[in-house]
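Data first, discussion second: the structure below is written as structure tokens.
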Amino acid sequence: MFRLFWMLLFAFVWAKPLGATEIILGKIKTAQLEKIFDFYNYGEEKGYLQARSYNYPPIFCKYFPIDFDKITDEKRRNALFVKILAPLAIKLNNEIMEERKEILEISNWFKQNKKISFKQEKFLEDEAKKYDVFTRLKGHQRTKYILSELLKKVHVVPPSILITAAALETNFGSSRIVKEGNSLYKQLEWHTNKGLKPIGEMEDDTYRIKIYPDIYASLQEFALKLNSGIQYHSFRGYRDEILWRGTPLLGSVLAPYMVWNSPLKNYAGLFDYTLAYYELNIIDKSVLNSKMISRPLPKELKKLQM
């Protein structure tokens, strides 16, 4: 009887529901999102930075609020813009680093065994295609080259870089490309009718603005562009130098290398100013923390989760 009591108690303890590890939100209004953020005390300083704890709640919005473009208070809009993108940008970097970890494991295996398995080779070839790594080499030399190039390309893209670029491209989320296409960076597609038709640029009707299934997909593609595009070779080179020195990788030191992201002559300066003014380097030093959302949402807010 005594033994049965402890077995039942043990089963009860382990059957207790665990706290949420993440919250995913779909179509939502601005006021509803702000209530969720307030419930979890998200926005320690300036209403959008976790400057004391360096911890961000894993609250992931698939889209910007449906009425986000109706916000007239610029300070409120910009703060909410950063709060929406910060957890997503940190999550994206976590995924990139998991990807890098697998490449490093294969690299270490290759150094020790001078060969890799079919499964490892398949993974590397897929990664090479994804990150635009091309070579005509075969066998051992091919594997060595692909590993070397991938380790240069698959690495952190500071969240402050992702957020600042999106802020400048969409005027802090107020642009139509966000609402109509979940586009944060105005990525273009050529010679197609798919996508958003540019407004005020119709002297050239050969391109469209790419539409994404959600804003995270837009973040992913832009990070991939920075990690693979030939125009960002110097960006990656300086990133390697900073990491080699063992100094923190902050967006502010990489801002000058974003000059190729826009034809504007003053873009790099504007980029650096925006990043510094909003103190977005703080997000580069931050992590996601599920403990921040351990309290269950009230019923009226919980129903907004996906």
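For the sequence shown, position 76 (counting from the first letter as 1) is numbered 75 according to numbering that gives the first Met the number 0, and the numbering increases by one without interruption. Glycine residues also receive a C-beta, built at the ideal position from the N, C-alpha and C atoms.
With a cut-off of 8 Å, does the C-beta of residue i fall near any C-beta of chain C?
| i | result |
| --- | --- |
| residue 278 | This model lacks chain C altogether, as it is built from one protein chain only. |
Going by beta carbon distance, what residues of the same chain come within less than 7 Å of residue i, once the five residues before and after it are set aside?
| i | result |
| --- | --- |
| residue 169 | 176, 177, 183 |
| residue 167 | 269, 270, 273 |
| residue 219 | 91 |
Can you give me the Cβ contacts of residue i inside the same chain, cut-off strictly under 8 Å, excluding the 5 residues immediately before and after it?
| i | result |
| --- | --- |
| residue 89 | 55, 158, 282, 285, 286, 287 |
| residue 297 | 38 |
| residue 228 | 131 |
DSSP three-state label for residue i, please.
| i | result |
| --- | --- |
| residue 43 | coil |
| residue 230 | helix |
| residue 123 | helix |
| residue 225 | helix |
| residue 263 | coil |
| residue 32 | helix |
| residue 48 | strand |
| residue 216 | helix |
| residue 37 | helix |
| residue 117 | helix |
Determine whether the beta carbon atoms of residue i and residue j lie at a separation below 8 Å.
| i | j | result |
| --- | --- | --- |
| residue 163 | residue 279 | yes |
| residue 64 | residue 32 | yes |
| residue 102 | residue 142 | no |
| residue 95 | residue 153 | yes |
| residue 112 | residue 155 | no |
| residue 160 | residue 180 | no |
| residue 82 | residue 25 | no |
In the DSSP assignment, what are the bridge partners of residue i?
| i | result |
| --- | --- |
| residue 189 | 206 |
| residue 195 | 208 |
| residue 24 | 60, 304 |
CB-CB under 6 Å to residue i, same chain, minus the five flanking residues each way: which ones, in chain order?
| i | result |
| --- | --- |
| residue 53 | 284, 285 |
| residue 198 | none |
| residue 241 | 248 |
| residue 295 | none |
- [ ] Could you tell me which uninterrupted alpha helix (DSSP H) segments, each at least 4 residues in length, are contained entirely in the region 265-289, listed from first to last along the chain?
- [x] 266-276, 280-283
Task: Secondary structure, beta strand (DSSP E): runs of 3+ residues fully inside the region 55-113 - done: 58-60
- [ ] Could I get the ranges of all uninterrupted alpha helix (DSSP H) runs contained in the region 233-261, with 4 residues as the minimum, in chain order?
- [x] 250-253
Task: Segments of 4+ residues assigned as alpha helix (DSSP H) that fall wholly inside the region 136-188 - done: 138-152, 158-169, 175-180
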